[in-house]
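Peer 1: Here the sequence shown is numbered in our numbering, starting from 11 and rising by one per residue.
We put the CB at the ideal spot given by N, CA and C, even for glycine.
Please read through the structure below; I'll follow up with questions.
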Amino acid sequence: MVRVQAVGTPYEEEIRDVLNSGRGVFLHSRGPGKAHRGPSWPPDRAFACNHAHWAVSQSTATIVMPTGTGKTETMLSILVTEQGRRLLVVRSFDALRNQIAEKFLTLGLLKKQGIGLLSPNALFPVVCKLEHIPQDLTELDALAERAQVIVTTSSIIGQCSEELQNRFAQHCPYLFIDEAHHVEAPTWSAFKARFSRSRVVQFTATPFREDGRPLDGTIVFKYPLKKAQEDGYFKPINFEQVTAFDLRKADRQIAETAIRRLRADSTKVTFSWHVSRM
Numbered sequence: 011m012v013r014v015q016a017v018g019t020p021y022e023e024e025i026r027d028v029l030n031s032g033r034g035v036f037l038h039s040r041g042p043g044k045a046h047r048g049p050s051w052p053p054d055r056a057f058a059c060n061h062a063h064w065a066v067s068q069s070t071a072t073i074v075m076p077t078g079t080g081k082t083e084t085m086l087s088i089l090v091t092e093q094g095r096r097l098l099v100v101r102s103f104d105a106l107r108n109q110i111a112e113k114f115l116t117l118g119l120l121k122k123q124g125i126g127l128l129s130p131n132a133l134f135p136v137v138c139k140l141e142h143i144p145q146d147l148t149e150l151d152a153l154a155e156r157a158q159v160i161v162t163t164s165s166i167i168g169q170c171s172e173e174l175q176n177r178f179a180q181h182c183p184y185l186f187i188d189e190a191h192h193v194e195a196p197t198w199s200a201f202k203a204r205f206s207r208s209r210v211v212q213f214t215a216t217p218f219r220e221d222g223r224p225l226d227g228t229i230v231f232k233y234p235l236k237k238a239q240e241d242g243y244f245k246p247i248n249f250e251q252v253t254a255f256d257l258r259k260a261d262r263q264i265a266e267t268a269i270r271r272l273r274a275d276s277t278k279v280t281f282s283w284h285v286s287r288m
């Protein structure tokens, strides 16, 4: 259960309690499921590599992990072990903002019963979903005073004035960028540069931007897709060709083939489709 306070009440004591509850409560993780036991669980390795990087450098850290291997749990682990006073999390899409905000509110797998990554004494963070551009510095200051974690989108951040962006950087000593390969526009690069005194971590499934150029920052941890498959995160891919002489009917033929295979295989293995243009 996430604790809720009425809007306008002081949050400083609430956030202080959360930070104090995080001291010494991070247990050695077992990971969810037989394939992810012990120190081989990717979030364990990723956040350890990130802390090792921070011990010697202030440069932007980049963590490369395929989708579904624990990127969000890595973020949560870093937040808890750092006892971060204020964290700004930026995602590329609106739907994903809601998803990650819920993870921070509940601490995801770290607090899930039966996994035991965190002591029961660890309190939930105070989280805010920022869904609009702050009207002025006063509104932004009030938001920062009440929230430990602010989750928003690159679109909202990109439309903020230079004055507001600078104030974000002043308030937030930590910046996490999810799906970083989507947000390499000039306006976004300028925003990121304002966090030169903050600890910045980029999370991505690929170390390359959408234009094919490599992401900036230091890659502190890279979990290869092949390794993720070996560790049981993904099922084998079975290829089945669909030959379509009329491309207007290709989608229907793919759907019919998929339905037929799914009915025949109750395990629902993952398929890769290729349409021959003949």
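By DSSP, does V136 sit in helix, in strand, or in coil?
Peer 2: Within the sequence shown, numbered from 1, the residue matching residue 136 stands at position 126. Of the three classes helix, strand and coil, the one that applies to V136 here is coil, per DSSP.
Peer 1: What's the C-alpha gap between Y243 and D54?
Peer 2: As a first step, residue 243 is located in the sequence shown; it is residue number 233 there, counting from the start. As a first step, residue 54 is located in the sequence shown; it is residue number 44 there, counting from the start. Those two C-alpha atoms are separated by around 15 Å.
Peer 1: From which residue to which residue does the alpha helix (DSSP H) around V90 run?
Peer 2: Counting from 1 along the sequence shown, the entry for residue 90 is found at position 80. Here the alpha helix (DSSP H) through V90 covers K81 to E92.
Peer 1: What did DSSP end up calling L117 once you bin it into helix, strand or coil?
Peer 2: As a first step, residue 117 is located in the sequence shown; it is residue number 107 there, counting from the start. Coil.
Peer 1: If we count the other Cβ atoms within 10 Å of its Cβ and call it buried at 16 or more, is Q109 buried or exposed?
Peer 2: For the purposes of this step, residue 109 is taken as residue 99 along the sequence shown, with counting starting at 1. Its Cβ having fewer than 16 others within 10 Å, Q109 is exposed.
Peer 1: Using three-state DSSP, classify L272 as helix, strand or coil.
Peer 2: Residue 272 sits at position 262 when you count from the first residue of the sequence shown. Looking at L272 - three-state DSSP - the assignment turns out to be helix.
Peer 1: Does DSSP put V66 in a helix, in a strand, or in coil?
Peer 2: On the sequence shown, position 56 is the one that residue 66 refers to. Note: V66 maps to coil in three-state DSSP.
Peer 1: Going by other Cβ atoms of all chains shown within 10 Å of its Cβ, with 16 needed for buried, is K202 buried or exposed?
Peer 2: The residue you call residue 202 lines up with position 192 of the sequence shown. By the neighbour-count rule (16 or more Cβ atoms within 10 Å), K202 is buried.
Peer 1: Where does L255 fall in DSSP's three states?
Peer 2: Numbered from 1 along the sequence shown, position 245 holds the residue referred to as residue 255. The amino acid at residue 255 is misidentified as Leu; the sequence shows Phe. It is coil, neither helix nor strand.
Peer 1: Report all residues from its chain with a CB closer than 6 Å to the CB of K121; omit the five preceding and five following residues, and keep chain order.
Peer 2: Numbered from 1 along the sequence shown, position 111 holds the residue referred to as residue 121. Closer than 6 Å at the Cβ level, and outside the excluded window around K121, lie L128.
Peer 1: Counting C-beta neighbours from all protein chains within 10 Å, is the total for T228 16 or more, i.e. buried, or is it exposed?
Peer 2: As a first step, residue 228 must be located in the sequence shown, where it is residue number 218. Burial call: exposed.
Peer 1: Work out the CA separation of V252 and D261 for me, nearest whole Å.
Peer 2: Taking the sequence shown and counting its residues from 1, the one referred to as residue 261 is at position 251. Taking the sequence shown and counting its residues from 1, the one referred to as residue 252 is at position 242. Approximately 10 Å between the Cα atoms of the pair.
Peer 1: Can you list, in chain order, the residues of its chain with a C-beta nearer than 7 Å to that of D27? Leave out the 5 residues immediately preceding and following it.
Peer 2: Mapped onto the sequence shown, residue 27 falls at position 17. The residues are L133.
Peer 1: Three or more C-beta pairs closer than 8 Å, one from the stretch 59-79 and one from the stretch 205-215: is that the case here?
Peer 2: The stretch 59-79, when compared against the stretch 205-215, does touch it at the 8 Å Cβ threshold.
Peer 1: Taking the beta strand (DSSP E) that N229 falls in, what are its first and last residues?
Peer 2: Translated into positions along the sequence shown, residue 229 becomes position 219. The question names Asn, yet the displayed sequence has Ile at residue 229. Start and end: T228 to K232.
Peer 1: Looking only at DSSP bridge pairs, what is L185 linked to?
Peer 2: Translated into the one-based positions of the sequence shown, residue 185 becomes position 175. Its beta-bridge partners are L98 and V210.
Peer 1: Can you have a look at N60 and say buried or exposed, based on whether 16 or more other CB atoms are within 10 angstroms of its CB?
Peer 2: Locating residue 60 in the sequence shown gives position 50, where the first residue counts as 1. It counts as buried.
Peer 1: Hey, out of F186, E112 and L147, whose CA is closest to E172's CA?
Peer 2: Your numbering for residue 172 matches position 162 in the sequence shown. Minimum Cα distance to E172 is reached at L147.
Peer 1: For G118, which residues in the same chain have their Cβ closer than 7 Å to its Cβ, ignoring the five residues on either side in sequence?
Peer 2: Locating residue 118 in the sequence shown gives position 108, counting from the first residue. Excluding residues within five positions, the ones whose Cβ falls inside 7 Å are T82, E83 and L86.
Peer 1: With a threshold of 16 other CB atoms inside 10 Å of the CB of D104, please say whether the residue is buried or exposed.
Peer 2: On the sequence shown, position 94 is the one that residue 104 refers to. Exposed, because fewer than 16 other Cβ atoms sit within 10 Å of the Cβ of D104.
Peer 1: In this structure, how does DSSP classify F249 when only helix, strand and coil are distinguished?
Peer 2: Against the sequence shown, residue 249 aligns to sequence position 239. Strand, per DSSP.
Peer 1: Alpha carbon to alpha carbon, how far is R273 from N248? Give it in angstroms, no decimals.
Peer 2: Residue numbering aside, residue 248 sits at position 238 when the sequence shown is read from its first letter. Residue numbering aside, residue 273 sits at position 263 when the sequence shown is read from its first letter. Roughly 15 Å separates the two Cα atoms.
Peer 1: Specify the secondary structure class of L225 as computed by DSSP and reduced to three states.
Peer 2: On the sequence shown, position 215 is the one that residue 225 refers to. In the structure shown, L225 sits in coil (DSSP, three-state: anything other than H, G, I, E or B).
Peer 1: Using C-beta distances below 6 Å, list every residue in its chain close to P76, excluding the 5 sequence neighbours before and after it, in chain order.
Peer 2: Walking along the sequence shown from the start, residue 76 turns up at place 66. These residues qualify, in order along the chain: A215, L235 and A238.
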